[in-house]
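Asks:
In UniProt numbering, the protein residues as written are 1 to 318.
#1: Would you call the CB atoms of residue 308 and residue 180 closer than 9 Å?
#2: So is residue 182 buried or exposed if we call it buried at 16+ other beta carbons inside 10 Å?
#3: Between residue 136 and residue 126, which are expected to be in contact by the criterion C-beta below 8 Å, what is the C-beta distance as a whole number of angstroms?
#4: Which whole-angstrom value is the C-beta distance of residue 71 and residue 101, which I expect to be below 8 Å?
#5: Please return the same chain residues whose Cβ sits closer than 6 Å to the Cβ of residue 78, not counting the five positions on each side in sequence.
#6: Quick one: give me the first and last residue of the beta strand (DSSP E) that residue 157 is part of.
#7: At 4 residues or longer, what runs of the alpha helix (DSSP H) sit wholly inside the UniProt domain "HTH araC/xylS-type" (215-313)?
#8: Based on Cα-Cα distance, which residue from 242, 312, 226, 235 lies nearest to residue 291?
#9: By the three-class DSSP mapping on this structure, what secondary structure does residue 164 have?
#10: Suppose you measure from the CA of residue 297 to the CA of residue 258; what does that come to, to the nearest Å?
#11: If you drop the 5 nearest sequence neighbours on each side, which residues of the same chain put their C-beta closer than 6 Å to that of residue 154?
#12: Can the beta-carbon of residue 74 be found closer than 9 Å to that of residue 104?
#13: Given a threshold of 16 other Cβ atoms within 10 Å of its Cβ, counted over all protein chains shown, does residue 260 qualify as buried or as exposed?
#14: Which residues does DSSP pair with residue 38 in a beta bridge?
#15: Which residue from 57, 40, 42 puts its Cα closest to that of residue 48?
#16: Taking the straight line between their C-alpha atoms, what separation do you get for residue 41 and residue 69?
#17: What separation, rounded to the nearest whole angstrom, lies between the Cα atoms of residue 39 and residue 311?
#18: State yes or no: is the C-beta of residue 299 within less than 9 Å of the C-beta of residue 269?
#19: Which of helix, strand or coil does DSSP assign to residue 109?
#20: Quick one, which of 287, 156, 244 has its alpha-carbon nearest residue 263's?
#21: Given that a residue counts as buried once 16 or more other Cβ atoms are within 10 Å of its Cβ, and exposed if not, what is residue 116?
Structure follows, in structure tokens:
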């Protein structure tokens, strides 16, 4: 895609569309100086689309918007397990993907992508309430109900509505880097980073009073990444034993405490590479990784690239 034009985002509104799911990509990618995207909201045909929760949508575009888009979002919709979207919608999604567009589903929008067959043999997620229904309807899909989103490259899926924000921020990180993603998160008053591997918030038979305490510990750690952070130090902040902290932290986030700390340090290094002229050795010290060699090792392991290559790609003004 030419760097001289805006990234093109189509939001495909299907019958029964859920309002939050529609609004999230439309708002996150709205055109502004800091966001080089153009958004078109579309339906199977232009006009009024009946939505869920007593709402309807007036869409200006039909399926031709999918021929135009670089990425197509499919928001969740009601009763996705009852029948597939119209054949014209399914064919348009397949054609968009074949042309090179990315397809991204929020919540039950995964059922529409599943109807294309493009998820067969791939890992995907959806809202926990519908995960078993998706697996039963499309047994060739490896449905993972325990994550916030799944990135399969050209096809992405996410869990319930709020995880659509996490998916959009993940796409921003891929497209524009950490700085743009963090800027958007601040604008949305959203958590700047929740990994796709973080667990969905599914109902439990017993209340979980430790959740908020651990969220506070993660926030506390994010402001102290340049300092020593061990399992014992984190558990002490959370006022639980290291064993309990380690077990429950992994259940909440999908990572061990020290895996999470390492990823947070690499993400902080990413933003410093984008926004400052500090050298790799200084950045390594600033984020608590000690040496440039250590930073390069973990950068390559987690991101598959080097700090220097990352800076060349995402540094401001380049």
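Where a beta carbon is used, it is the ideal one built from N, C-alpha and C, also for glycine.
Replies: So, to answer that:
#1: no
#2: buried
#3: Contact flag wrong, Cβ pair sits at about 12 Å.
#4: 6 Å
#5: 16, 52
#6: 155-158
#7: 231-238, 242-253, 257-275, 280-286, 292-303
#8: 226
#9: helix
#10: 16 Å
#11: 102
#12: yes
#13: buried
#14: 8
#15: 57
#16: 11 Å
#17: 28 Å
#18: yes
#19: helix
#20: 287
#21: buried
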